[in-house]
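Heads up, the thing below is written out as structure tokens.
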Amino acid sequence: MKIYKLIAVLILLPLGLNLVGVWQLQRSVENTQRLNEIQADLVHARPYLEKLARSPRAFTQTIEVDGENLSISMALSRLAKAEEGFGTVLVLGNVTTWLARAVIALSLLAALVGGVGLAGLKWAGSRALHSRERLLHTFSRVSRILPFVLVGHIVAVGAAVSVILSFEALGMWHLGRMSAGELKFIIVVLMLVAACLYSIWQMGKQLRVMLRMFEPTAMQVMGREVTPDEAPVLWAYVRDLAERLGALSPDHIVLGMTEGFYVTSSDVALLPSEAALKGRTLHVPIMYLGLIDAAETSAVIGHELAHFAGEDTEYSLRFLPIYDGIGRSLGVIAENMIFSGLLQRTIMRPAFMLGIYFMESFDHAVNHWGRVRELAADAAGASLAGNAAAASALVRISAIDPLLQERVYKHITYAANPEPGQVLTKDLPTSVLHDLADQTLTLPEQEMAIQLPHPSDTHPSNGERVAALQVAADEAIRTGTRPVVAAQACAAMDHYFINPQVLRTCLTEDFMSHQVAHDAELVSELRTRANAVTGDVVLHEGARLRGGC
């Protein structure tokens, strides 16, 4: 459906304007021919009237003009007035002919730009499936060219509409006295032309926004950076794993609460400190340092570091930061469009739609190579800790994560809606680990299903990954769903840090304060929107707003 909307906006709309231009050109040519015929009649009429004016019967003789009997002198007077205004009308006729031709040219240019843009994106997306090198090269080139294509298309369409309206305004001008209604109509049309030209001028102001649409935006991460002085064991551990893999070591290690293990080369903006990090960043969820054993931790961190090793290095360092950043930029643009004026939304919408299509054109290629990368990274992690540890780590994280998210959300709810006598946690990691010790870990059967990957899948299925590690699924599930022992988990988590208690307290304070503030902002916004609604709002099937009463 999205591609049809783009075809309508980028190709069919300009072609519709082109048909208007063809119609206007036909009218203009016919009008010019008629004016030339009238001019020829006037040229022949003057000698004849002048001859009659010199005759003895000139004062009594009359002549019929457009059904009205006029004296010879009156007919000559009208002829002179017609000749006086005819030059202006003839010039305007020639101008409208050129305006109609301009409409045809501008609309064809816009349709050509739109068609080439869509075809180019389709070709680029299929080309990116051939190799990661082609994906990187094609994506980078298209992301640089596309903003200017969008601006050119919108300017061409806006100019075509302005010229169409200008044609109609000039076409109202005629010989003789203009009526008040005709003058008002011309003024209204010229005001519309001015509005179109203003939109084009606004387009120039929005060019910077459109260019930013295809530039990477910093990745917001909820967490806290730890230095080698604060976490000497963790840093030494990570550097040793990187050296064994022949991978680049991270420049930063960030401890988080609820997100998983991952690496990124994108610029990172830490929340709530707003600290900016550049370079390679490894994100480590502090609670999983206690929830998985040493071998599993080596396999998981080794998996992430493998993205900075071998052929995967350039892909991770150059392509993914741009791809992920542009995705975040489009999200920011979408939020800004919601609160923008009608004119700005109208101007930005085609660009935003094509930006989304641009990303979707590469999604299948990105997901395809992402699945390949994940299996290769699994093998790299297994080379450090063994296939069994890599498989059990995968199962254990999949089994624990829903329970962990549930327990964390419970504590956020307590903090956002405190009740009298309720004691809020000051040490969220320790509290959650003790909560999980009371839970039985299970893994739904579908989690280990082996199925053909869908083009939209970003990772292979768990079953496919465990099978690729040549580990029996039952064995991986048995090891991965072992119970959590709170004391052991807390000790394992703490041994990476010099002062773990202070670190856990600071992490808890940052995380809870940010989540509570975010919850309060969300509630306030919902109340504001609810208060803005007047009367009853009727919602129908499909959750589309159809009207109110």
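Numbering of the sequence shown is given in UniProt numbering, commencing with residue 1 and proceeding in unit increments. Cβ coordinates follow ideal geometry from the N, Cα and C atoms, glycine included. Just so we're clear, the structure is a prediction, and the values are computed from it rather than from any experiment.
For isoleucine 412, the enclosing alpha helix (DSSP H) has its first and last residue at 387-416.
Within its own chain, the residues whose Cβ lies closer than 6 Å to the Cβ of aspartate 519, once the five positions on either side in sequence are excluded, are Ala416, listed in chain order.
Per the coordinates, the alpha-carbon of valine 22 lies some 42 Å from the alpha-carbon of leucine 129. When beta bridges are read from the DSSP output, glycine 256 appears opposite Pro285. Among the bridge pairs identified by DSSP, leucine 443 is matched with none. Within the stretch 121-158, not a single complete beta strand (DSSP E) segment reaches 3 residues in length. Under DSSP, methionine 219 forms a beta bridge with Val268. In this chain, the alpha helix (DSSP H) harbouring arginine 504 covers 500-532. Residue pairing by DSSP places glutamate 225 opposite Val254 in a beta bridge. Here the C-alpha atom of arginine 239 lies approximately 14 Å from the C-alpha atom of aspartate 229. In chain order, Ser249, Leu305 place their CB closer than 6 Å to the CB of alanine 242, counting only its own chain and leaving out the 5 sequence neighbours on each side.
Minimum Cα-Cα distance from lysine 278 among the listed residues Thr297, Val254, Leu108 corresponds to Val254. Straight-line spacing of the CA atoms in alanine 194 and valine 155 works out to 14 Å. The C-beta distance from serine 107 to leucine 15 rounds to 7 Å, short enough to fall under 8 Å. For glutamine 220 and alanine 275, the gap between their C-alpha atoms comes out near 10 Å.
Following the DSSP letters along the chain, one finds isoleucine 3 inside the alpha helix (DSSP H) bounded by residues 2-7. Around the CB of serine 266, 16 or more other CB atoms lie within 10 Å, so the residue is classed as buried. Per DSSP, threonine 297 is one residue of the alpha helix (DSSP H) stretching across 294-305. Here valine 263 carries a strand assignment [DSSP, helix/strand/coil]. The residues Phe497, in chain order, have a CB closer than 6 Å to that of leucine 503 in the same chain once the five nearest residues on each side in sequence are set aside.
A Cβ-Cβ distance of about 7 Å is found for the pair serine 513 and proline 272, placing them in contact under the 8 Å criterion. Membership of threonine 479 in the alpha helix (DSSP H) is indicated by the continuous run 473-480. Boundaries of the alpha helix (DSSP H) around arginine 244: 232-245.
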